[in-house]
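Residue numbers (numbering that gives the first Met the number 0), protein chains in the order written: chain A, 0 to 587; chain B, 0 to 587; chain C, 0 to 297; chain D, 0 to 297. No residue lacks a Cβ here, since even glycine has one placed at the ideal position from N, Cα and C. The block underneath contains the structure these notes are about, expressed in structure tokens.
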Amino acid sequence: MDVRDFTVAVVGSGGDGAVTCGEMLTHAAAGEGLYCFMSKSFGPQIRGGESFSQIRMSEDMVLSQGDRVDALVVFSWPDFLRFKDEIELKPGAIVIHDETKNKDFPDGLPINEFLEPRIIHVPFTDLAEEAAGNSLAKNMVMLGAISEFFNLPVEGLKQSIAKKYKKKSAKIVESNCAAVEAGRKYVRDNHEVESMPRLSYEKSDTKMVMNGNEAVAYGALYAGCRFFAGYPITPSSEIMEWLSRELPRFGGVEVQTEDEMAAINMVIGASFAGAKAMTCTSGPGLSLMQEAIGLAAIAEIPCVIIDVQRVGPSTGIPTKSEQSDLLAALHGSHGDVSKVVLAAADVEDCFDVTCLAFYISEKYQVPVIVLSDQFIGQRMEAVPRIDLSKRKSFERIKPSIQEGEKYERFKIDNGGVSPMAVPGMEHCEYLASGIEHTESGSPTSAHSIHEMMNKKRFHKLDDIREDLTFVRRYGPEDAEVGVIGWGSSKGAIKEAILRAEKLGMKVAGLVPQIIHPIPYDKIDEFMKPLRRILVVEVSYAGQFYNYLKSYYPVPDKLMLYKRSGSKSLTVEEVFQQICHAMQSEYVL
Amino acid sequence: MDVRDFTVAVVGSGGDGAVTCGEMLTHAAAGEGLYCFMSKSFGPQIRGGESFSQIRMSEDMVLSQGDRVDALVVFSWPDFLRFKDEIELKPGAIVIHDETKNKDFPDGLPINEFLEPRIIHVPFTDLAEEAAGNSLAKNMVMLGAISEFFNLPVEGLKQSIAKKYKKKSAKIVESNCAAVEAGRKYVRDNHEVESMPRLSYEKSDTKMVMNGNEAVAYGALYAGCRFFAGYPITPSSEIMEWLSRELPRFGGVEVQTEDEMAAINMVIGASFAGAKAMTCTSGPGLSLMQEAIGLAAIAEIPCVIIDVQRVGPSTGIPTKSEQSDLLAALHGSHGDVSKVVLAAADVEDCFDVTCLAFYISEKYQVPVIVLSDQFIGQRMEAVPRIDLSKRKSFERIKPSIQEGEKYERFKIDNGGVSPMAVPGMEHCEYLASGIEHTESGSPTSAHSIHEMMNKKRFHKLDDIREDLTFVRRYGPEDAEVGVIGWGSSKGAIKEAILRAEKLGMKVAGLVPQIIHPIPYDKIDEFMKPLRRILVVEVSYAGQFYNYLKSYYPVPDKLMLYKRSGSKSLTVEEVFQQICHAMQSEYVL
Amino acid sequence: MATTAEATEITVTEEPKLKPVDYKSDLKPIWCPGCGDYATLSAIHQSLARLGVPTHMVAVISGIGCSSRIPGYCATYGFNTIHGRALPIATGVKMANPELTVIAAGGDGDGLSIGGGHFPHAGRRNVDMTYIMMDNNIYGLTKGQVSPTTPAGDTTKSSPYGLGDRPLDAIQLALAYNVSYVARGFSGNIKHLVEMIYGGLSHKGFSFIHVASPCPTYRGIDRFKEYKERVVYLDDDHDATNPLTAYQAALRDDGKVPLGVFFKQERPTLTDNCEAISRKALANGQPTIEGIMDQFIP
Amino acid sequence: MATTAEATEITVTEEPKLKPVDYKSDLKPIWCPGCGDYATLSAIHQSLARLGVPTHMVAVISGIGCSSRIPGYCATYGFNTIHGRALPIATGVKMANPELTVIAAGGDGDGLSIGGGHFPHAGRRNVDMTYIMMDNNIYGLTKGQVSPTTPAGDTTKSSPYGLGDRPLDAIQLALAYNVSYVARGFSGNIKHLVEMIYGGLSHKGFSFIHVASPCPTYRGIDRFKEYKERVVYLDDDHDATNPLTAYQAALRDDGKVPLGVFFKQERPTLTDNCEAISRKALANGQPTIEGIMDQFIP
Ligand SMILES: Cc1ncc(C[n+]2csc(CCOP(=O)(O)OP(=O)(O)O)c2C)c(N)n1
Ligand SMILES: Cc1ncc(C[n+]2csc(CCOP(=O)(O)OP(=O)(O)O)c2C)c(N)n1
Ligand code: SF4
Ligand code: SF4
Ligand SMILES: [Mg+2]
Ligand SMILES: [Mg+2]
């Protein structure tokens, strides 16, 4: 049975390498040019606890993690229990396991019998010992077996084994390949594969494999970021780690700071002195940066802050995703703060949004917060090579002042942006400050100047709204129902819309990249012709919904689907809501 | 010419004691039972710069600082210039000055000639030297003089001199009183006072003189606060200073911490251990406390945070007022945070709202933020003695657990509140944490529990909305236009409504005390019958307006009047807007 | 004298004597096998049992980190707070109820990096509580980045080319902060560690116990062995009453890690100071809440 | 030698020589008459003139406080930032442009209280900049509350019954933080103060100058006179290369306030370390931005 789209989950404990398997499969798929999407999950143990990975691949663009799996590989049933809520089987899904751990469940395996899964036993461990002389190679046996069952990219697999272990020894590469072959052979010898869901695809150009955090880091490097300061925090640390390796190669500096306040303030200092600068964090760090974000706003110093969201409030659930830092990003700093909030929607978008953040920040001299989340930050995707020539960048406007001329740093003439000198430039010495100031930068407490400066700073938001008009819209022009969401919800929303379209429903979707200043007109244009608008978000408090309402006088059309995080949004959930919205009346 | 309501402004430099004069006048008025309202303003110098005070008094309740002054006393004209924008004269206002500093303005004094002010010269300095043998007593001469001109409370004045200088010496009291008498005599001998605006009033019971910060501190003490930790910041420091003196008298502890993070966290620790606890700050400190506020929310630990707002963003204008911390108070902490935001509207309300904050915080185990601002925090008002018997307080619900029973700290049964044990109680040992947790307090990453706990925590907001129904509504039931504002805007709003009423306009006003959870029904009830609703606030970004809109589907009725702070809202401003709203059509 | 084992001012409870296991909670630690924090946990349980304080009179407060998981593993009151804020929270707990035995615990990152601003002030206030820092020279929970005590030159996830910065020495810091009991133990010698912790718990004032607590996962399994070779014990005649000799003991350049009590001093605690202040405040008698209003009468 | 006057590695500019007044801005200080900060401001102007660095190559960074107003009074680049964050911001400035002469300045509250968590890390990183702390033992700008260096027992706006906590000693802290140039001056001796600040500016690495800078307004006008009597100068033979003797010099209990250079050490700065890291990173040649994508090819 051929399928164009295949999803498999692998569960095991520490030594089983469930996540390594997932990564290798992803590399294998990307190696043969497939699109691929891999998410992972760990138990609470710091090391060696249970883990789980889910991989979806297709020749077509893969939009989400795949609600239900075609196949499930279980190294250990007791470990499976921890992830039970996160894994759903398709009816008739194939479940492959190494029988030895069955004994924990004398009354049957802990899976939904109702879905009539087909359970297949493969003696991973025995085969591994036979073929590679090492039971640890059982995951390679498994990879071989499933590639045979489901027609997964076996060429790519061997390539990725070769690449992964080349630093170790040829022998290891060899024995792992032998284990893969043993798995394949076992299946060929013992099973009929025709009735299996078998992936059908054509090979094409190799794709890159990245996670969202890497894409952010690379985006920053490309945009010209040459100073990074950050404090480790799950799930954002990979950005800092990547830049600690790459920035020094490009004349940049990376500093791991003592805390998040130091990080954002160093970034502000570096930018004041002329560097394109960035920091990364997650919710708790964003809260700690709020004071300094206000400083960057009033002193009009460009800077980029990446928030890879996790479950809140407080420490919450650090390893899981949620979309609940939105309002804190929009409103967290005291006073009337002019700043920009962008949201990344997938791994590739992490690159683009980061570039855009630098563009806006440098052009308009404002702090820009980019919201990513654990779901996109830590998942791996196969993406095509990025066409760098299409990504624009911006160099800060500098004044040209002659000796004797007076430089006014905060001069108001056209719009909110004034040319910005940096230390080292002659004749432009000025005082920057978090205190309200005159055009020349002197402290003031006059109401009239404060009003004027607020106007200057907020004027930038209007300009940005006009300057940047890109929005993501899906679906037909004559849609009746619209879905609006943000950030990582994009995948599920887009796929749900595609599913609805196939069933003849007229549904459109909108996922803005710029959250604030919100693109009024575009959203208006989108909403106007629609009968019902469904807002979808992963926040118990419905933060996006409340934000939208504060800008749009369309509440009786709006419906809200929201829930807490720690579980990624599924296509099914969104689809159900679309159906609901299609049926519901005009008035709430 | 008798007036029931009299406003005078006094301007001078360091040694002139313009603010001391204002304080003594306020005490004098309160001493004779008048209502009184005094605001003050200083130049940027740390010490001895120019200063200004404005005092309004009346037998009737005084609602605002008084837009325009009946009389202006100028010790020094150059200093007057700094406050020119803040002082407005009534047509024909009386301007009293000591001629000696005139020479700086050979072409006439820097006041609006158009208003035809009457300029009167009183030789303060000479009279002081004569009567008290000390030119420093010139401000006493001035007080005597104006009391004679305008029939201000001279008995009260002498009483307040006696009280103020009793610790010094009888001789000083005497010579100051002599200076007062000299001022009075000079006026009697040289001027005709009948044509002056003369305050008409009956003496009544002495009132208290307080500023909003003192009222907050006293409110906290009354509500049972026994632990305070704070970090100094203008304009909130008086709260800490007052409590550092009074708490030790009531078995309480006050700690000045190393920063705001330490302050809020100490408060959380103290409350975890059973104390009613509070901290105070202003905008920058609020930003720094955001992370810990989320901790209090998820660990369900009562605590009260007072934010005496000043002009933002960042350091902004520390000595001036603004209403721009609203959104940061509502949304500043990352994640979905269940917390409460209250707003104080005047000095007396500072007491009430602080009591209410403890009531809500202890009853519902939530962090409560109280928004005050520089305008109410640092102004002095004459207020009647507080009837303490009418103020309710609340003692936290504790569990009663027997040996062997299992205590579940976060047990969900009725509503969102679970009995809270404190260290020292037997058999109730539990783990509190900022990590998402089960009912018993164990860390978890399960979506289902996270959803359930979010529900528990947000349930409290619904209960609070039902429990506390008090709102301030002004004006007739059949009003056409409504004004809605918050916090310190109350005074100008209420007075503007009274003025409009006198002119036959049907205007109502609403100033909620509980900002979040917003009292839906009450606001709905208020808004429904109105043709136009005017939102008034001192925030360039229109924060309250945006917040309201995110909860109310009535945008085409809403009009917004907003501006930056650093200048207090005047009755005239609000009144103009009311007129505008009365005239405007239904649709925007 | 190398260690201070004698208890000062211990209130003996009348309850049946508690055993170390009575301080252990039901929660299973999530730590890696071989983690140094197991030893510290056990030493805390033993020290509390020796102190004989009932579980409901103990509050264990931590920040965030592997080591900061410790309150969950104690059958006492516990509060696993936010990163870096264990000390202010613990201070609040102690001030609200001075009868409690308060332990603050956490990692090198929690205490010297993000929480580094609070440590000096807990020291100078002399809050009567015990601060146990499990120093593994790394950020464990976030999976292996540089900490403020990571040795210069080391390669970690966030220092791929080797670290340039110098490590901080927690002992010198504690001395500079006026901490009134400054000691170091090692997870490889629980018996000695119990002495150090018990000494801290018995000390009236702020006590700091720096625990060398290697992280096999992100620092390598050899680190433990290496430490075993590097630790030395302070001389019996070390003068723990003199800050200068304490600094001297800390300032060694032979690569050795001295264990023991570096410094110990009796002086008024924050609680003492608050009581003294209360006495002064009440010199003119106890006012009533109602009576406070008279202050505002002009 | 008591003071270090010789410049190391000063780049002599070819511009006409600048005078102290050239570093003075047009803004009139808002300080009270008699404030110690005037002297520090003047000493900074003199030291910069002596260094001969052009105004556009200097950045003066401060936090918030009376003392933190200083950038506004210099004709250089200035940044009056937020309370407690002068050091991280200054670090960012230096890292973005190592050619600049960077001065961080502020008060005792700014640096030891709210900013106290950053000081250790600027020290251990050895950021090549000069940190001038004007210590007036009080919070000036907020009108007279306790600071971390207010002497125990003192009565202030926020310690109406006398302060219980012990003051911190900035010199001991700087030593514990591995600061590579640690000195103290006094606003009552500008000439010496210039030596200290010039010494710091000339030092390669992180230099810290603690300035006793009395606040007549909130500490009383006698404080200045009192200081005049308390200051002493470090002996000519003070060994500023040895941390222990530095601690010893700081740890006096005779109430005297020693002035001079306590400690001075040459070691790689953060800039040096970053350069070394860059060299290592480029060992395999300079990659292109485009080429980075190859990393992601499976
Ligand atoms: C405000 C904030 N920043 C960052 C983090 C991420 N974080 C959690 S633990 C930790 C450091 C852990 O190191 P350490 O304190 O030494 O404890 P260990 O895990 O090594 O025991 C960090 C950076 C956080 N939870 N909160
Ligand atoms: C986050 C924050 N908290 C508090 C304040 C208020 N504040 C301004 S200056 C200052 C302390 C001033 O003391 P110090 O740093 O010693 O400087 P000085 O005025 O004495 O020179 C404080 C608490 C602030 N501006 N920002
Ligand atoms: S990572 Fe290190 S510190 Fe954390 S539990 Fe594992 S061994 Fe212990
Ligand atoms: S208050 Fe003190 S520190 Fe501030 S300017 Fe005045 S004298 Fe100087
Ligand atoms: Mg650690
Ligand atoms: Mg100071």
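Residue-level contact to chain D via CB, residue i, 8 Å cutoff
| i | result |
| --- | --- |
| Arg384 (chain A) | yes |
| Ala280 (chain C) | yes |
| Ser313 (chain B) | yes |
| Arg244 (chain B) | yes |
| Asn264 (chain A) | yes |
Span separating the alpha-carbon of residue i from that of residue j
| i | j | result |
| --- | --- | --- |
| Asp69 (chain B) | Pro196 (chain B) | 7 Å |
| Glu274 (chain D) | Pro511 (chain A) | 41 Å |
| Ser567 (chain A) | Pro383 (chain B) | 58 Å |
| Leu88 (chain B) | Met419 (chain B) | 57 Å |
| Gly14 (chain B) | Leu142 (chain B) | 16 Å |
| Gly229 (chain B) | Pro77 (chain A) | 50 Å |
| Ser112 (chain C) | Glu257 (chain A) | 5 Å |
| Thr216 (chain C) | Arg229 (chain C) | 20 Å |
| Ser46 (chain D) | Lys263 (chain D) | 18 Å |
For residue j and residue i, believed in contact at Cβ under 8 Å, the rounded distance
| i | j | result |
| --- | --- | --- |
| Ser323 (chain B) | Ala540 (chain B) | 7 Å |
| Ala151 (chain C) | Glu428 (chain B) | 43 Å between Cβ atoms; not a contact. |
| Thr155 (chain D) | Ala121 (chain D) | Their Cβ separation, rounded to whole angstroms, is 28 Å, which puts Thr155 (chain D) and Ala121 (chain D) out of contact at 8 Å. |
| Arg123 (chain D) | Asn177 (chain D) | 5 Å |
| Val179 (chain A) | Ala161 (chain A) | No, Val179 (chain A) and Ala161 (chain A) are not in contact; Cβ-Cβ is about 11 Å, not under 8 Å. |
CB contact check: residue i to chain A, cutoff 8 Å
| i | result |
| --- | --- |
| Ile514 (chain B) | no |
| Phe79 (chain B) | no |
| Cys73 (chain C) | no |
| Gln289 (chain B) | yes |
| Ser158 (chain C) | yes |
| Gly218 (chain B) | no |
Neighbour flag for residue i against chain C, beta carbons, 8 Å
| i | result |
| --- | --- |
| Ile64 (chain D) | Residue identity check: residue 64 (chain D) is Gly in the sequence provided, not Ile. Answer no: the Cβ-Cβ gap between Gly64 (chain D) and chain C never drops below 8 Å. |
is_contact[residue i, chain B] using C-beta, thresh 8 Å
| i | result |
| --- | --- |
| Thr2 (chain C) | Any answer about Thr2 (chain C) is weak, because its pLDDT of 40 lies below 50 and its placement is not dependable; what the coordinates show is given next. Chain B, which has no Cβ nearer than 8 Å to the Cβ of Thr2 (chain C), makes this no. |
| Cys273 (chain C) | yes |
One or two residues paired with residue i in a DSSP bridge
| i | result |
| --- | --- |
| Leu509 (chain A) | A:Arg472 and A:Ile483 |
| Asn210 (chain A) | A:Met379 |
Using a Cβ cut-off of 8 Å, which residues of the segment 182 to 210 of chain B contact any Cβ in chain A, in chain order?
-> none
Below 8 Å between beta carbons is the criterion; list the residues of the segment 45 to 66 of chain B that meet it against any residue of chain D, in chain order.
-> Ile45, Arg46, Gly47 and Gly48
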